[in-house]
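First comes the structure, then the notes that go with it.
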Amino acid sequence: MVSAGYDDAVETRELRYFVAVAEELHFGRAAQRLAMTQPPLSRAIQQLERRLGVVLLHRTARAVALTEAGSVLLWEARAALDAVEAAERRTRRAAAESPGVVLATKAGASSELLSKLLDAYAAEPGAVAVEVMLCGPGEQEGLLRDGRADVALLHRPFDTTAGLDTEDLHTEQQVVVLPAGHPLANRPHMSIAEVTTLADLPLPRWPRRGGGYPDGPGPQVRDHTQLFQLIALGRACAVVPESLRAHLRDDHATVPVPDAPTVTTVIAWPAHSRSKAVADLVRTATCL
């Protein structure tokens with residue numbers, strides 16, 4: 001965010017100040033959050049408005065509100081600050097004594113694919129150490145975008161890949177997981193409509209719902225381990241990729257759900273990445 005000359009360049013510090021005020025909509029609370037006093041914060045926001053030549057905030061004695069221009073800057077400033085933080089993390093990692101690659105993946109998902117990928121990459125000339133970050137559903141995308149991970153295994157339609165470079169690795173159908181012995185456990189298939197109307201086995205609620213996760217009125221779950229325990233107890237059911245069958249116990253049953261959206265595992269990385277290690281890892285993944 002730079003205008004005509006360097007003297008008019010917006011500073012990262014000013015963006016942080018503005019985001020704090022825009023989120024708090026109160027100069028006093030924003031100053032406290034930034035561990036500074038209010039007068040220099042007010043002056044910094046005024047200077048930012050002069051640099052840009054726009055009014056960012058409507059101020060009265062009782063309230064602070066964003067202008068349309070302020071709303072745009074809030075969105076853009078958050079993205080810019082996230083990008084700066086991600087760049088800092090990746091730069092420090094690249095300068096480490098033993099640089100490596102951080103790969104984020106959902107715990108329990110794509111385990112066979114991940115094992116093959118790690119073994120195949122380790123056999124490549126010039127391979128570096130790969131740190132695997134196991135996380136909950138939907139978390140690996142955030143780790144990749146904020147720079148804590150260099151590459152990730154994501155799953156469409158659950159994860160958003162907009163703005164990332166990706167390669168498709170594997171596509172699979174979905175199944176509904178039921179308690180073993182349930183009257184419907186021997187069905188040859190079920191529809192999404194049938195699954196969502198099971199009165200005795202409600203679909204769970206996810207804290208961070210992904211685009212492809214059917215959400216329901218059932219218990220809130222944090223991860224698949226908790227989910228599968230609840231299913232075995234007869235408290236819930238769930239629609240999951242069929243590869244998760246490998247993690248189920250004898251007290252679970254699965255039924256295909258042909259009209260559920262297919263799930264595609266992709267390897268994703270930042271579009272601007274220039275890491276040779278990331279490129280080599282991606283190339284290995286696409287050759288499996």
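Heads up: the sequence shown begins at 1 in the UniProt record's numbering, then just goes up one per residue.
Every residue gets a Cβ at the ideal spot worked out from N, C-alpha and C, and that includes glycine.
Spatially closest choice to residue i from the options, by CA coordinates
i	options	result
Pro261	Asp200, Ala127, Gln229 and Pro157	Pro157
Gln174	Arg245, Glu49, Leu56 and Asp250	Arg245
Pro99	Ala185, Ala129 and Arg43	Ala129
Ala268	Gly147, Phe18 and Leu81	Gly147
His155	Lys116, Pro188 and Ser110	Ser110
Ala63	Leu164, Thr91 and Gly28	Gly28
Under 9 Å between C-beta atoms of residue i and residue j
i	j	result
Val240	Leu230	no
His182	Gly234	yes
His252	Ala180	yes
Leu34	Arg16	yes
Leu288	Leu113	yes
Ala149	Leu203	no
Ala285	Glu172	no
Val255	Leu184	yes
Ala86	Pro270	yes
Leu281	Leu164	no
Rounded Cβ spacing between residue i and residue j (contact assumed at less than 8 Å)
i	j	result
Ala127	Gln140	So it is not a contact: roughly 22 Å between Cβ atoms.
Leu57	Ala44	Going by Cβ atoms, the distance from Leu57 to Ala44 rounds to 12 Å, so no, they are not a contact pair.
Thr67	Val55	5 Å
Val266	Leu169	6 Å
Leu248	Val177	7 Å
Ile192	Asp259	5 Å
Glu14	Leu41	Contact doesn't hold; Cβ gap of about 10 Å is too wide.
Residue i versus residue j: straight-line alpha-carbon distance, rounded
i	j	result
Lys276	Tyr121	13 Å
Leu201	Asn186	16 Å
Arg93	Val101	9 Å
residue 293	Glu23	For the chain, the structure presents residues 1 to 288; residue 293 sits outside this window and is missing.
Gly212	Asp159	At Gly212, the pLDDT of 47 sits below 50, so the modelled position is not reliable and the matter cannot be decided from this model.
residue 294	Leu73	Missing from the structure shown is residue 294; the chain here goes from 1 to 288 and no further.
Arg89	His26	31 Å
Met36	Phe18	13 Å
Val21	Ala80	16 Å
Leu143	Thr12	22 Å
Ala9	Gly138	36 Å
Ala31	Gln38	5 Å
Ala61	Gly70	19 Å
Ser115	Gln46	54 Å
Gly216	Glu124	45 Å
Pro188	Glu242	14 Å
Arg205	Ala162	25 Å
Ala199	Ala238	13 Å
Pro219	Asp82	33 Å
Ala95	Ala232	48 Å
Met190	Arg145	36 Å
residue 300	Thr91	There is simply no residue 300 to check, as the chain begins at 1 and stops at 288 in what is shown.
Arg274	Gly53	36 Å
Ala4	Thr197	With a pLDDT of only 43 at Ala4, under the threshold of 50, the placement of this residue in the model should not be trusted; the figure read from the coordinates follows. Spanning the two alpha carbons is a distance of roughly 60 Å.
Trp75	Pro207	23 Å
Residue-level contact to chain D via CB, residue i, 9 Å cutoff
i	result
Thr166	Note that chain D does not occur in the displayed structure, where there is just one protein chain.
Near the ligand NAP: residue i beta-carbon under 8 Å from a heavy atom
i	result
Ala123	In terms of ligand content, the structure shown is empty, and the ligand NAP therefore cannot be addressed.
> Three or more C-beta pairs closer than 8 Å, one from the region 100-107 and one from the region 129-147: is that the case here?
Replying inline: yes
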